[in-house]
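Chains as they are written, first to last, in my numbering: chain X, 33 to 185; chain B, -16 to 99.
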């Protein structure tokens, strides 16, 4: 297993940054059991893959989109994944909508929520915690979501 | 989301980062970053990961639940050494990358490209 925190510290030091990134640390975790059985639950996806790359990265904020508007290819160029070893040409590897649709069609899951949610990878923990996450939670409540699968890239 | 009654699960490959953040439920695939659900076009693996995530949503009794999947990228583990590698031959390039990054950040701020 790779120790990513140690590795990113070394990598950015090698780029001449003198202050290490402070990864989010929480010692208390809110926790909810699913409100409904899977076969009647409504599910959504949360992704860090970018829908609108025309918006400059420093001002991207959380946003919700109808699943019908999910791009065939999200923009992943600015995200920090292993570009030496792999690729993101197969959307299902980070946004498994086909797999989810199949389970819904089979009757295993109640329904797909109307919207999925983009959350930007942010240097600022404050932006994520105080602005982006509450917005997505609010939209999930509006959509009567029971379950969310979060898949960071 | 959890505090508002929505059960969540993260499918990810950087376990140390997820654990530090206090993630309620984690399905962990020890694969190169970029394909947390599974190897590209390996539908069987991807379906297994989704199934594990759905199961963990219901099986977890308390926060911090982790399901580690047995999936492997390949027979070789060479990819682990390649990620964010720092070598004698790329040191200068990395410094240049950092310089460009710092220059871009300054430019962004000067142009008002930042979030309040």
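Every residue gets a Cβ at the ideal spot worked out from N, C-alpha and C, and that includes glycine.
Approximately 6 Å separates the beta-carbon atoms of residue 144 of chain X and residue 136 of chain X; this is inside 8 Å, confirming the contact. From the beta-carbon of residue 58 of chain X, the residues of chain B found nearer than 7 Å are 4, 5.
Any Cβ of chain B closer than 8 Å to the Cβ of residue 64 of chain X would place that residue at the interface, and such an atom is present.
Burial state of residue 47 of chain X is buried, judged by a 10 Å Cβ sphere holding 16 or more other Cβ atoms. Inter-residue distance for residue 39 of chain B and residue 47 of chain B is about 11 Å (C-alpha atoms, whole angstroms). For residue 69 of chain B, the chain X residues whose Cβ falls inside 8 Å of its Cβ are 42, 43, 46, in order along the chain. Contact annotation: residue 65 of chain X and residue 35 of chain B have beta-carbon atoms that are not nearer than 8 Å. Buried is the label assigned to residue 36 of chain X, since at least 16 other Cβ atoms lie within 10 Å of its Cβ. Within the region 112 to 126 of chain X, those residues whose Cβ lies closer than 9 Å to any Cβ of chain B are, in chain order, 112, 113, 114, 115, 116, 117, 118, 119, 120, 121, 122, 124, 125, 126. Residue-level contact check: residue 83 of chain X does not touch chain B, since none of the beta carbons of chain B fall below 8 Å from its beta carbon.
With 16 or more other Cβ atoms inside 10 Å of its own Cβ, residue 75 of chain X counts as buried.
The three-state reading of DSSP puts residue 97 of chain X in strand, counting E and B together.
For residue 36 of chain X, the chain B residues whose C-beta falls within less than 7 Å of its own C-beta are -3, -1, 0, listed in chain order. Residue 91 of chain X carries a helical assignment under DSSP once its states are collapsed to helix, strand and coil.
Restricting attention to B/4, B/25, B/69, B/65, the CA atom closest to the CA of residue 120 of chain X is found in B/25. Nearest neighbour of residue 171 of chain X by Cα position, chosen from X/146, X/184, X/182, turns out to be X/146. The shortest C-alpha to C-alpha distance from residue 96 of chain B to any of X/93, X/60, X/122 is the one to X/93. Residue 55 of chain B sits in coil when the DSSP states are folded into three classes, being neither helix nor strand. By the neighbour-count definition (other C-beta atoms within 10 Å, threshold 16), residue 51 of chain B is an exposed residue. Check the Cα spacing between residue -16 of chain B and each of X/73, X/106, X/164: the tightest is with X/164.
Near chain X, meaning a CB-to-CB distance below 7 Å, the residues of the region 40 to 61 of chain B are 40, 41, 45, 46, 47.
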